[in-house]
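*Asks:* Residue numbers (the numbering used here), protein chains in the order written: chain D, 1 to 554; chain S, 1001 to 1130.
Even for Gly, the Cβ is constructed at its ideal location relative to N, Cα and C.
1) Could you tell me the alpha carbon to alpha carbon distance between residue 252(D) and residue 369(D), rounded to whole angstroms?
2) Flag residue 439(D) as yes if its beta-carbon sits less than 9 angstroms from any beta-carbon of chain S, otherwise no.
3) Do residue 1073(S) and residue 1094(S) have their CB atoms nearer than 9 angstroms?
4) According to a CB-to-CB cut-off of less than 9 angstroms, which residues of the region 510-532 of chain D neighbour chain S?
5) Does DSSP put residue 534(D) in a helix, a strand or coil?
6) Kindly say whether residue 128(D), judged by its beta-carbon, lies nearer than 9 angstroms to any beta-carbon of chain S.
7) Tell me which same chain residues have a C-beta within less than 8 angstroms of the C-beta of residue 305(D), skipping the five on either side of it?
8) For the ligand FMN, any of its heavy atoms closer than 8 angstroms to the Cβ of residue 1022(S)?
9) Select from the region 1064-1088 of chain S all residues with a C-beta closer than 8 angstroms to any C-beta belonging to chain D, and list them in chain order.
10) For the region 428-441 of chain D against the region 356-371 of chain D, do three or more pairs of beta-carbon atoms, one drawn from each stretch, fall closer than 8 angstroms, so that the two count as touching?
11) Residues of chain S with CB under 8 angstroms from residue 173(D), in chain order?
12) Chain D beta carbons: is any one of them nearer than 9 angstroms to that of residue 1105(S)?
13) Can you find a CB in chain S that lies within less than 9 angstroms of the CB of residue 537(D)?
14) Check for me: the beta strand (DSSP E) holding residue 1073(S) runs from which residue to which?
15) When you compare the region 435-449 of chain D with the region 471-482 of chain D, are there three or more beta-carbon pairs, one atom per stretch, that lie closer than 8 angstroms?
16) Quick one: Cα of residue 497(D) to Cα of residue 34(D), how far?
17) Check whether the region 119-131 of chain D and the region 56-72 of chain D are in contact - that is, three or more C-beta pairs closer than 8 angstroms.
18) Could you pull out every residue in the same chain whose Cβ sits closer than 8 angstroms to the Cβ of residue 1132(S), ignoring the five residues on either side in sequence?
19) Less than 9 angstroms between CB atoms is the rule here; does residue 534(D) satisfy it with respect to chain S?
20) At a Cβ threshold of 9 angstroms, is residue 134(D) touching chain S?
21) In the DSSP assignment, what are the bridge partners of residue 422(D)?
22) Check for me: the alpha helix (DSSP H) holding residue 331(D) runs from which residue to which?
23) Residues of the region 225-250 of chain D in Cβ contact with chain S at a cutoff of 9 angstroms, in chain order, please.
24) Does residue 1120(S) have its Cβ less than 9 angstroms from a Cβ in chain D?
25) From the beta carbon of residue 21(D), is the nearest beta carbon of chain S less than 9 angstroms away?
26) Within 9 angstroms of any Cβ in chain D, is that where the Cβ of residue 1124(S) sits?
27) I need the straight-line Cα distance from residue 301(D) to residue 335(D), nearest angstrom please.
28) Determine, using beta carbons only, whether residue 242(D) and residue 224(D) come nearer to each other than 9 angstroms.
29) Compute the Euclidean distance between the alpha carbons of residue 372(D) and residue 448(D), then round it to the nearest angstrom.
30) Let me see if you follow: with CB-CB separation under 9 angstroms, is residue 1108(S) close to chain D or not?
31) What did DSSP end up calling residue 528(D) once you bin it into helix, strand or coil?
32) Can you give the Cα-Cα distance for residue 145(D) and residue 1104(S), rounded to whole angstroms?
33) According to DSSP, is residue 64(D) part of a helix, a strand, or is it coil?
34) Closer than 9 angstroms, CB to CB, is residue 1025(S) near chain D or not?
35) Among 202(D), 214(D) and 365(D), which one has its Cα closest to the Cα of residue 537(D)?
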């Protein structure tokens, strides 16, 4: 279907009307980025609930020092699949598949993603990849049990003979291709489908972050897929790429995995940084402080992220410690700029403490804790002391829980645009407090446990040093986080089609708030003139127009 | 288009410099090769975009003063609906399951993949089901 950009800013576009199939066939055949994005969102939230349930089981097992809830073998499956579901099947696809799919084309004034059918294929590969990985639970040998990082030689056919390991590899291949196709789509959409006047330095920060994320996906994911093919060949075709017995190098897997794995941390984080940036600006009633600084910080993080992978491998004894330490510490600079700019955006703003804003402030605080402890871990002497202890577990849970806070903020902020209805703010704020307090109660004891030497991935632990109390507190935190997820589900049910949102309930600034809620097929009936990174704000508040950045365009 | 090109070229240059330092300092090959490949992956589209950005007229999306009217006209061809992504996804699902549960699953898998490729291509040539 050809799509015409309306030639006036007031007339409705007749092409926006669309009559496709309805019911199940609509969901199976759609190529509309909004419906695909919604499918991603629903699937990702289901994965969050599954991954969360696995986490609750882990914490129930660890609430006592000699837990008998699950066997040692089942515990291995639990922590492997909890990490795998949360990283591969929830956080990534939610970041660049769900909200990005829905919001990026609308933010730049595009009618759809550049390759709509490829976009649909991305979703189906994600869904089938998720099912493939979870099928492991229904096989006789159980699900994958070698940790979400799949270190050799634990993944060899001798150590992990069951179908669960192969399903883990297969599921990861499918979701990997899904991510690569989404990356291609995002780059092409942002490069080629921007509305007139939407120059690169007028794109919202969320879109900028997704562009950089997409480039990182294209750099990192093929490496993982190649590694998985090698791993499968080792397991079934008699190759010895990762096994010492045949002259292979087990630590090569770690190089390949983390060459994907550390950019993956930023692939996960950057979209959520973008969400928080948009939300903080809108609910402070200010433009983003240091707009260009934010963009250059994002690009710097992406550039550095390809040279830090082996800080996960310091204790292997075969990596260049000073190089990876320096590169990892350098990432603190652009990240610090971002934190400074978020605070600068709020500074003297007219702050509206909505649920989305509270979630974003919660993100800022929690991410600061996770980021600062990351700086400790980038220093080899400290890393040698804390490697594979609960300090590391606490560090990355501070980071990912911060991202979850930002993601929940994103759902409260953009949910009304997608569905046309607001969520209940009272339940939302309760959810925030459970999630925020729960996160800190969950992670702080783990920092102490890690510094006292408690190793990660243990189903039982010695009954001394007050470890039981600290673990009990951490499990209580996990319970609070579980309640917060439940409150979100309750909120969706309670608010179902109850509070109509209108087109721009937050007096927001970017282009997606110019169209209807939900947007029509191909997104816009009309477009405003775009003269800054805040076209909707400029249109609604001509007396307070934003300052444009056009002097720097090429 | 020039900023898009410069973004990719900058990343390529950075990865190249990082690769040179790492490779000579660490004497470890895997990381060096991956960073070198990363550099090429940025240079390939980056140099293409840069080449064309110097030869093409400024696009409406690159013009800070462009009005909405300038962009009027056909933006592109967007298929309304298509069943073939779903079929290709299901075909890929069966192919992956064949790697785990038995080679016979390749029969429905490859059949679906072939059907989707043929159907999707002919649908693309027709301009999509509108």
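*Replies:* Judging by the given coordinates:
1) 32 angstroms
2) no
3) no
4) 521, 522, 526, 527, 528, 529, 530 and 531
5) Judged by DSSP in its simplified three-state form, residue 534(D) adopts coil rather than helix or strand.
6) yes
7) 216, 262, 263, 265, 266 and 331
8) Ligands in the displayed structure: none, and consequently the ligand FMN is not present.
9) 1064, 1065, 1066, 1067, 1068, 1069, 1070, 1071, 1072, 1073, 1074, 1075, 1076, 1077, 1078, 1079, 1080, 1081, 1082, 1083, 1084, 1085, 1086 and 1088
10) yes
11) 1096
12) Not one chain D Cβ lies under 9 angstroms of residue 1105(S).
13) Not closer than 9 angstroms to any Cβ of chain S, the Cβ of residue 537(D) fails to qualify, so no.
14) According to the DSSP assignment, residue 1073(S) belongs to the beta strand (DSSP E) that extends over 1073-1077.
15) yes
16) 18 angstroms
17) Contact between the region 119-131 of chain D and the region 56-72 of chain D is absent, because fewer than three Cβ pairs lie under 8 angstroms.
18) Residue 1132(S) lies beyond the residue range present for chain S, which begins at 1001 and ends at 1130; the question has no answer from this structure.
19) no
20) no
21) 499(D)
22) First-last for residue 331(D): undefined, no H or E at that position.
23) 232, 236 and 249
24) yes
25) yes
26) yes
27) 7 angstroms
28) no
29) Cα to Cα, residue 372(D) sits roughly 15 angstroms from residue 448(D).
30) no
31) Coil at residue 528(D), not helix or strand.
32) 27 angstroms
33) coil
34) yes
35) 202(D)
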